[in-house]
Structure formats: structure tokens, C-alpha cells
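For reference, the structure is listed below as C-alpha cells.
Residue numbers (my numbering): 1413 to 1790.
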């Protein structure tokens, strides 16, 4: 008897520098690729941050380029038609929709029309920027459509499930919690490495406030800058390290100038070495307007870094003694509390064991998904 072919899975996930992209790539790296083959569906034809890594792992990038289609109705029609054609041609066993909004159900609809048997809607957010009122008006309809085409509901947190899924699915808990695990070996603390990177950044004798995230509305960089403005009034020997890129980066550079702190803000850009920048920091702040989970906060804690989150961050992120929460949105109060927390904090090593105990070891996530994918094969 001949061996079974690998289970063919396509993720609707960008290959940029964001948390969803990094998560799926890490899973791809650790999963049994003789049993499971990943592809990635993207909607723009440009070189992506994690593209080379995906290709190295044997994945294929499937492009449906609608970046220059500005009419929303036409964009939907083009996407839907081409997705249906792609899913039918490639005969995928699983279409895995890594969803940020309920609107992403349209990918599941195309998969259903193409005859795909297992269609996953994976909730990665607990809210979103409601920038298109007409589109967003139909959220209740999107949730009805989910029940017609989605076969499996995954979520990264309870709050993300409540936001994304139909009420009947959420209330009956007919969904699966899939934790945003990390490879804990990648986040080991080293005093020598910390000293080295701080010297490289010329911040050896400075207090480093840090953040990792795309420059988008969700991540709330304008508030981060306001907090730091207040913080450095009392801590002149401080810098703000911002890691990431995105559409609002230039706007945030302008804001830093307006606040008179541009000489104290490092716009680091993207990096494949997250551990390195985390080691440079004295605290990690995470005031996102909304988050399904916030994998960057898990990574920060893993290195033993003081991690300060807003009320908007779900309770599932509170997994180590490094986690602290500041209530409300008063930038002066944030600055004051950050100063107190830093003064009372000693960075004494990583929190690998606490992260594993909390269930955020990526190997557990990989095992869970691998078993699901293999059981899905036709």
C-alpha cells in the first residue's frame, strides 16, 4: 500500500511581520511536513517579510492580487471568484481562515463553494477598527453565513471567541481553544547578550521602554508616544524602542517630533530576532486598543521582561510574575506607574517554565493542530 499524501492546508494569513504570520510560520517549522503541507493565501503581489522562510519550509505563496482594486464590491467579486477557482484546482483538505474580523468569513464561503470539506475559522481578534460603516453593518449576517460554511471554530482566547463567532457557537462552546504558543527556547535570558545588544544600540546607561507591533490603529502608538513623553520628563536618561513597521509609521515619526521626543525614540524596523530587542528593554508596554491575545506580550514575559498591559489585553496573557496591568487611559498615570514598577523590578532571568506551565509552549500547539489536520484528510 502506498503512503498517504500530505494533508494539504492553506492558511489565509499574511506573510508580514505580524503575530499571526509569525505564529503560522513557527507552526510550519515544527510540524511534521511529511504529513502536513502548508500554503499561504495573500491578497497583494509583493515581497513579504516572512516569505523566504515560508518557501524554505516547502510552503507556496498563493497570490490573489487585489491591492489596486479600490471598489469594494469589485474587490469582493474578484477575491471570491479567484479563491473558489484556487481552492477547487488545488484540492485542499483544509482551508484555515486566520480571521481578524467576521468579514473574513467570505474566504470560508469561497471554500464551501469549491467543495472543501474542512473549513476552519480561527479567531485572532476581540475587536477591530470599524473603518467601513457599510461593510461593518453586516456583521450579524457574516455570523449567520459562518454557520452555513464553517466546519470548525478555533480561537486564541475566550474574548476572541465571543467577538467573532455566532452566539450559538459561543454559548454552547462548540469551538476549540488553540493557544498562541511560542518556542520557549527562542526566548532564553542572557545577561551577556543583553549587555551586547544594549551596547549595539548605544543605550547601555539608559532606561529602555519598548514595544513590538505593527504601526496600525490597533496597536495604539500615539498613546505610547504620549506615555513616553510624560515618562521622560522625569527620566531624561530614557529611550523608547519601537519595533515594527506599518502604514502609520511616518505619522508616528511626525508625532514624536511634535512632542519634542524624536531624539529619544528609536524606530527600529522589523526583525527576525525578537529575543534580541526584548533583551535590550527594561520594560515592555502593550496598550493595544484591542487584541485577541497579544503574542508579543507572551514573548516579552518569556524573556523575564516586565510586561505592562492595558485593560484591553485579555486575562489569558497574565501567565508569569512579570505581568502587570495599568487601568484606564491616562498617559500621565501610566508614566507614573511605569516608573514605580521599573524602580521595584529586577530582571533576574527568563520565565520559560512558567510559560510552559501556562500552556503556551508552541510544541503543544503544533501537536494539537497536527492531529486535527491529519484527521481531516479525505
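Glycine included, each C-beta is placed from N, C-alpha and C at the ideal position. In this text, all values refer to a predicted model and were calculated from it rather than measured experimentally.
Check: Just the Cα atoms here: how many angstroms apart are residue 1422 and residue 1449?
Finding: On the chain shown, position 10 is the one that residue 1422 refers to. On the chain shown, position 37 is the one that residue 1449 refers to. Residue 1422 and residue 1449: Cα-Cα distance of roughly 8 angstroms.
Checklist line | Range covered by the alpha helix (DSSP H) that runs through residue 1785 | finding: The count along the chain shown starts at 1 and reaches residue 1785 at position 373. It spans 1774 to 1787 - the alpha helix (DSSP H) in which residue 1785 sits, taken as one unbroken run.
Notebook entry, point to check: Going by DSSP, which residues form a beta bridge with residue 1695?
Noted result: If you number the chain shown from 1, residue 1695 lands on position 283. Beta-bridge annotation (DSSP): residue 1695 is paired with 1621.
Note to self: As an exercise, report each continuous beta strand (DSSP E) stretch of at least 3 residues that is fully enclosed by the stretch 1544 to 1576, in chain order.
What the structure shows: 1564 to 1567
Note to self: Quick check: the stretch 1518 to 1532 against the stretch 1561 to 1580, are at least 3 beta-carbon pairs closer than 8 angstroms?
What the structure shows: yes
Margin query: Could you check whether residue 1628 and residue 1659 sit closer than 8 angstroms to each other, using their CB atoms as the reference points?
Written below: Here residue 1659 refers to the residue found at position 247 of the chain shown. Here residue 1628 refers to the residue found at position 216 of the chain shown. Yes, they are a contact pair.
Margin query: For a test of the three-state rule: what should DSSP assign to residue 1673, helix, strand or coil?
Written below: Within the chain shown, residue 1673 is the residue found at index 261, counting from 1. Correct three-state label for residue 1673: coil.
Check: Got a sec? Which residues, its chain only, sit under 7 angstroms from residue 1360 by beta carbon, not counting five neighbours each side?
Finding: It is not possible to answer for residue 1360, since the shown part of the chain is limited to 1413 through 1790.
Checklist line | Under the three-state DSSP convention, the category residue 1414 falls into | finding: On the chain shown, position 2 is the one that residue 1414 refers to. Bear in mind that the predicted position of residue 1414 carries a pLDDT of just 47, short of 50, making it too unreliable to give a figure here.
Check: CB-CB under 8 angstroms to residue 1418, same chain, minus the five flanking residues each way: which ones, in chain order?
Finding: In the chain shown, the residue the question calls residue 1418 occupies position 6. Closer than 8 angstroms at the Cβ level, and outside the excluded window around residue 1418, lie 1445, 1446, 1447, 1448 and 1449.
Next item on the list: Thinking residue 1431 and residue 1708 are a contact (beta carbons under 8 angstroms), I'd like their distance in whole angstroms, please.
Entry: The count along the chain shown starts at 1 and reaches residue 1431 at position 19. The count along the chain shown starts at 1 and reaches residue 1708 at position 296. That belief holds up - the Cβ atoms of residue 1431 and residue 1708 are roughly 6 angstroms apart, short of 8 angstroms.
Notebook entry, point to check: Alpha carbon to alpha carbon, how far is residue 1633 from residue 1527?
Noted result: Residue 1633 sits at position 221 when you count from the first residue of the chain shown. Residue 1527 sits at position 115 when you count from the first residue of the chain shown. For residue 1633 and residue 1527, the distance between alpha carbons rounds to 42 angstroms.
Check: Can you list, in chain order, the residues of its chain whose CB lies under 7 angstroms from that of residue 1618, leaving out five sequence neighbours each side?
Finding: The residue labelled residue 1618 in the question sits at position 206 within the chain shown. Here the set comprises 1649, 1650 and 1651.
Margin query: Using C-beta distances below 6 angstroms, list every residue in its chain close to residue 1541, excluding the 5 sequence neighbours before and after it, in chain order.
Written below: As a working mapping, residue 1541 is identified with position 129 in the chain shown. Result list for residue 1541: 1629, in chain order.
Notebook entry, point to check: What residue from 1539, 1571 and 1579 has the CA that sits closest to residue 1556's CA?
Noted result: For the purposes of this step, residue 1556 is taken as residue 144 along the chain shown, with counting starting at 1. Closest by alpha carbon: 1579.
Notebook entry, point to check: When you compare only the Cα positions, how much space is there between residue 1592 and residue 1748?
Noted result: In the chain shown, residue 1592 corresponds to position 180, counting from 1. In the chain shown, residue 1748 corresponds to position 336, counting from 1. Using only the alpha carbons, I get a separation of about 31 angstroms.
Notebook entry, point to check: Candidates 1539, 1558, 1514 and 1425: which alpha carbon is nearest residue 1551's?
Noted result: Locating residue 1551 in the chain shown gives position 139, counting from the first residue. The shortest Cα separation from residue 1551 among 1539, 1558, 1514 and 1425 belongs to 1514.
Next item on the list: Determine, using beta-carbon pairs with one atom in the stretch 1585 to 1603 and one in the stretch 1759 to 1767, whether at least three such pairs fall under 8 angstroms.
Entry: Three or more beta-carbon pairs separated by less than 8 angstroms link the stretch 1585 to 1603 to the stretch 1759 to 1767, which places the two stretches in contact.
Checklist line | 8 angstroms contact criterion, which residue 1545 and residue 1636 should meet: CB distance rounded | finding: What you label residue 1545 is simply residue 133 of the chain shown in a count that begins at 1. What you label residue 1636 is simply residue 224 of the chain shown in a count that begins at 1. About 27 angstroms; that fails the 8 angstroms criterion.
Margin query: As an exercise, report each continuous beta strand (DSSP E) stretch of at least 3 residues that is fully enclosed by the stretch 1582 to 1658, in chain order.
Written below: 1619 to 1624 and 1650 to 1655
Notebook entry, point to check: Does the Cβ of residue 1626 have 16 or more other Cβ atoms within 10 Å, making it buried, or fewer, making it exposed?
Noted result: Translated into the one-based positions of the chain shown, residue 1626 becomes position 214. Label assigned to residue 1626: buried.
Note to self: I'd like the span of the beta strand (DSSP E) that includes residue 1719, first residue to last.
What the structure shows: If you number the chain shown from 1, residue 1719 lands on position 307. Here the beta strand (DSSP E) through residue 1719 covers 1719 to 1721.
Check: Looking at residue 1657 and residue 1681, is the spacing between their C-beta atoms short of 8 angstroms?
Finding: Within the chain shown, the letter at position 269 stands for residue 1681. Within the chain shown, the letter at position 245 stands for residue 1657. Yes; because the gap between Cβ atoms is below 8 angstroms, this pair is in contact.
Notebook entry, point to check: Roughly how many whole angstroms lie between the Cα atoms of residue 1553 and residue 1524?
Noted result: As a working mapping, residue 1553 is identified with position 141 in the chain shown. As a working mapping, residue 1524 is identified with position 112 in the chain shown. Between residue 1553 and residue 1524, the C-alpha separation is close to 17 angstroms.
Next item on the list: Would you mind stating whether residue 1717 and residue 1753 have Cβ atoms separated by less than 8 angstroms?
Entry: Taking the first residue of the chain shown as 1, we reach residue 1717 at position 305. Taking the first residue of the chain shown as 1, we reach residue 1753 at position 341. Not closer than 8 angstroms, so no.
Next item on the list: Assuming residue 1677 and residue 1706 form a contact by the criterion Cβ under 8 angstroms, report the distance between their Cβ atoms to the nearest whole angstrom.
Entry: Counting from 1 along the chain shown, the entry for residue 1677 is found at position 265. Counting from 1 along the chain shown, the entry for residue 1706 is found at position 294. Their Cβ separation, rounded to whole angstroms, is 22 angstroms, which puts residue 1677 and residue 1706 out of contact at 8 angstroms.
Checklist line | Rounded C-alpha distance that separates residue 1519 from residue 1491 | finding: On the chain shown, residue 1519 is found 107 positions in, with the first residue counted as 1. On the chain shown, residue 1491 is found 79 positions in, with the first residue counted as 1. Their backbone Cα atoms lie some 8 angstroms apart in a straight line.
Notebook entry, point to check: What is the DSSP secondary structure of residue 1738, counted as helix, strand or coil?
Noted result: By one-based count along the chain shown, residue 1738 stands at place 326. Note: residue 1738 maps to coil in three-state DSSP.
Next item on the list: Tell me whether residue 1429 sits in a helix, a strand or coil according to DSSP, three-state version.
Entry: Here residue 1429 corresponds to residue number 17 of the chain shown, with the count starting at 1. It is coil, neither helix nor strand.
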